[in-house]
Amino acid sequence: MVEQVQEISDESLMERVCSGDHQAFAELVERHSGLFYSAAYRMCGQNEEAEDIVQDAFLKLWNKPQGYDAGKGAKFTTWFYRVVTNLAIDHMRRKKPQTNPEVLDYMADKVPLADQALEDKDQQDVLEEAIAALPERQKAALNLCFYEGLSNKEAAEILEVGVKALESLLMRAKKTLKEDLDAQGLLGSEKKRVTG
Amino acid sequence: MFDDLDQLLKTRKKPEVSAHLSAQIIAAAARERPAVKIPAFVQVAKGFWTDMQAQLTLPRPAYAFAVLALFIFGALIGSSADPIGFLPGVTTDDLASFMLIEDGFVVGEWV
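Chains A and B supply the protein sequences, listed in that same order.
First residue of the first sequence? That's 1237 in this note's numbering, and the numbers climb one at a time after it.
First residue of the second sequence? That's 629 in this note's numbering, and the numbers climb one at a time after it.
So, in structure tokens, the structure goes:
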């Protein structure tokens, strides 16, 4: 029975979830919790929050599976990325007053503290903070296209924008990141290293 | 230091998933009520009933009694022929005016 469930497509499992099949739901969770945890973590940057977001998303799916309409032709994963991304964005908006001042202070002082920042924080921290400081939708576009490996069309569908608008979000995200990381000495900044 | 942004972005650590996450989600779902697909008309009726219960303050037996009384009244009308034997003095015209129907003939047909 377990082997049979494992061979079923996500979309067919969703049909079974609609009729209250807990085993089908469990199979979907086993298949995708890691994938969507990564997506949530890349959006919010914290383990516990990412776990809460993924759990909320799956419970939402369990309680209201009719939200997914296979008839519209969307892949289950594309639809569920949208659910997780929207929950993550809501979560970050609620948390904004707590997290932003620290990031903004850090970013405001980034030029004079470039070398010190590199000493105090490792490269990963600097990169994570630069990405965390991006506006939510730019961050989501970057995560979906760059880290989740989705096509621009899929990412645009998830963020409910056109492909051109998605490309614009990506371009702005990369431009901001390039400026920030360059200012902090992580990108092509020979002149800063020399003068610093 | 990196010359290329994409190269730097690729160095971002992959998040580590907790081993218990799936089990935790599956257990949480099991505690919640199972998802059963309910036909749309049943959902509408349930919603209507819930809204009605929120609006009305009388106890349930009062509504049950009212529905029963209406049913008996309807059954009596249905079982009696014209004229309305069980309501002496009430004509189809009276019923028509009571029901705001101008054409007494329609009520006569209905009764």
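The beta-carbon is built from N, C-alpha and C at its ideal position, and this holds for glycine as well.
If you're wondering where the values come from, they're calculated on a predicted model, not measured in any experiment.
Within a Cβ cutoff of 6 Å, which residues of the same chain sit near residue i, ignoring the five residues on either side of it in sequence?
{"i": "Leu765 (chain B)", "result": "This structure gives no information on residue 765 (chain B), because the portion of chain B shown stretches from 629 to 739."}
{"i": "Arg1278 (chain A)", "result": "Asn1379 and Tyr1383"}
{"i": "Ala1276 (chain A)", "result": "Ala1286, Ile1289, Val1290, Val1320 and Ala1324"}
{"i": "Ser725 (chain B)", "result": "none"}
{"i": "Leu1386 (chain A)", "result": "Leu1380"}
{"i": "Phe630 (chain B)", "result": "Leu636"}
{"i": "Ala1401 (chain A)", "result": "none"}
{"i": "Ala1306 (chain A)", "result": "Glu1247"}
For a contact meaning CB atoms closer than 7 Å, what does residue i contact in chain B?
{"i": "Glu1287 (chain A)", "result": "Ser646 and Leu649"}
{"i": "Glu1266 (chain A)", "result": "Ser650"}
{"i": "Tyr1273 (chain A)", "result": "Pro643, Val645 and Leu649"}
{"i": "Phe1382 (chain A)", "result": "Leu637"}
{"i": "Ala1262 (chain A)", "result": "Ile654"}
{"i": "His1327 (chain A)", "result": "Within chain B, no residue comes near His1327 (chain A); the closest Cβ sits about 16 Å away, beyond 7 Å."}
By Cβ distance below 8 Å, which residues in the same chain neighbour residue i in space, the five residues on each side in sequence not counted?
{"i": "Leu1422 (chain A)", "result": "Leu1354, Gln1359, Val1362 and Leu1363"}
{"i": "Ser1269 (chain A)", "result": "Val1290 and Phe1294"}
{"i": "Trp1298 (chain A)", "result": "Val1253 and Phe1261"}
{"i": "Gln1302 (chain A)", "result": "Cys1254"}
Tell me which residues share the same chain as residue i and place their Cβ nearer than 7 Å to its Cβ, disregarding the 5 neighbours each side in the sequence.
{"i": "Tyr1342 (chain A)", "result": "Per-residue confidence for Tyr1342 (chain A) stands at a pLDDT of 49, beneath the threshold of 50, marking its modelled position as unreliable; the derived number appears in the next sentence. Glu1365."}
{"i": "Leu1406 (chain A)", "result": "Ala1377, Leu1378 and Cys1381"}
{"i": "Thr1314 (chain A)", "result": "Glu1390, Glu1393 and Ile1394"}
{"i": "Lys1296 (chain A)", "result": "Val1319"}
{"i": "Phe1203 (chain A)", "result": "Here chain A comprises residues numbered 1237 to 1432, so residue 1203 (chain A) is not present and cannot be evaluated."}
{"i": "His1327 (chain A)", "result": "Cys1280, Glu1285 and Ile1289"}
{"i": "Leu1249 (chain A)", "result": "Ala1260, Glu1263 and Leu1264"}
According to DSSP, is residue i part of a helix, a strand, or is it coil?
{"i": "Leu1422 (chain A)", "result": "coil"}
{"i": "Lys1428 (chain A)", "result": "In this prediction, Lys1428 (chain A) has a pLDDT of 48, which is less than 50 and means its spatial position is unreliable; nothing more can be read from the coordinates."}
{"i": "Thr1412 (chain A)", "result": "helix"}
Mind pulling the chain A residues with CB within less than 8 Å of residue i?
{"i": "Thr639 (chain B)", "result": "Gln1359, Gln1360 and Leu1363"}
{"i": "Asp631 (chain B)", "result": "Leu1423 and Gly1424"}
{"i": "Ile653 (chain B)", "result": "Val1265, Ser1269, Val1290, Gln1291, Phe1294 and Leu1295"}
Need the endpoints of the alpha helix (DSSP H) that residue i sits in, please.
{"i": "Leu649 (chain B)", "result": "Leu649 to Arg659"}
{"i": "Gly1270 (chain A)", "result": "His1258 to Cys1280"}
{"i": "Val1230 (chain A)", "result": "One cannot answer for residue 1230 (chain A) here, as it falls past the ends of chain A, which runs 1237 to 1432."}
{"i": "Cys1254 (chain A)", "result": "Asp1246 to Cys1254"}
{"i": "Asp1361 (chain A)", "result": "Gln1359 to Ala1368"}
{"i": "Asn1388 (chain A)", "result": "Asn1388 to Ile1394"}
{"i": "Ala1376 (chain A)", "result": "Glu1372 to Leu1378"}
{"i": "Gln635 (chain B)", "result": "Leu633 to Leu637"}
Please list, in chain order, the chain A residues whose beta carbon lies closer than 9 Å to that of residue i.
{"i": "Ala656 (chain B)", "result": "Gln1291, Phe1294, Leu1295 and Trp1298"}
Mind reading off the beta-carbon distance from residue i to residue j? Whole number of angstroms is fine, and I expect it under 8 Å.
{"i": "Ala658 (chain B)", "j": "His1258 (chain A)", "result": "6 Å"}
{"i": "Phe1312 (chain A)", "j": "Glu1247 (chain A)", "result": "6 Å"}
{"i": "Ile1325 (chain A)", "j": "Glu1372 (chain A)", "result": "5 Å"}
{"i": "Ile653 (chain B)", "j": "Val1265 (chain A)", "result": "5 Å"}
{"i": "Leu1413 (chain A)", "j": "Ile1367 (chain A)", "result": "7 Å"}
{"i": "Asp1410 (chain A)", "j": "Leu633 (chain B)", "result": "The amino acid at residue 1410 (chain A) is misidentified as Asp; the sequence shows Lys. Their Cβ separation, rounded to whole angstroms, is 6 Å, which keeps Lys1410 (chain A) and Leu633 (chain B) in contact under 8 Å."}
{"i": "Pro643 (chain B)", "j": "Ser1274 (chain A)", "result": "5 Å"}
{"i": "Val1399 (chain A)", "j": "Asn1388 (chain A)", "result": "5 Å"}
{"i": "Arg1329 (chain A)", "j": "Gln1374 (chain A)", "result": "Not quite, the Cβ-Cβ distance comes to about 14 Å (not below 8 Å), so this is no contact."}
In chain A, which residues lie with their C-beta within 7 Å of the C-beta of residue i?
{"i": "Phe669 (chain B)", "result": "Residues of chain A passing the Cβ test: none, with the nearest at roughly 14 Å."}
Going along chain B, which residues have a C-beta under 8 Å from residue i?
{"i": "Tyr1277 (chain A)", "result": "Pro643"}
{"i": "Lys1178 (chain A)", "result": "Residue 1178 (chain A) lies beyond the stretch modelled for chain A, which goes from 1237 to 1432, so this question has no answer here."}
{"i": "Lys1414 (chain A)", "result": "Leu633"}
{"i": "Leu1405 (chain A)", "result": "Near Leu1405 (chain A) there are no residues of chain B at all, since even the closest Cβ is about 15 Å away, more than 8 Å."}
{"i": "Leu1386 (chain A)", "result": "Within chain B, no residue comes near Leu1386 (chain A); the closest Cβ sits about 15 Å away, beyond 8 Å."}
Run down chain B in chain order and give the residues with a C-beta less than 9 Å from the C-beta of residue i.
{"i": "Lys1410 (chain A)", "result": "Leu633, Asp634 and Leu637"}
{"i": "Leu1249 (chain A)", "result": "Simply none; closest approach about 13 Å."}
{"i": "Leu1395 (chain A)", "result": "Ordered by position in chain B, no residue passes the 9 Å Cβ test against Leu1395 (chain A), which lies about 19 Å from the chain."}
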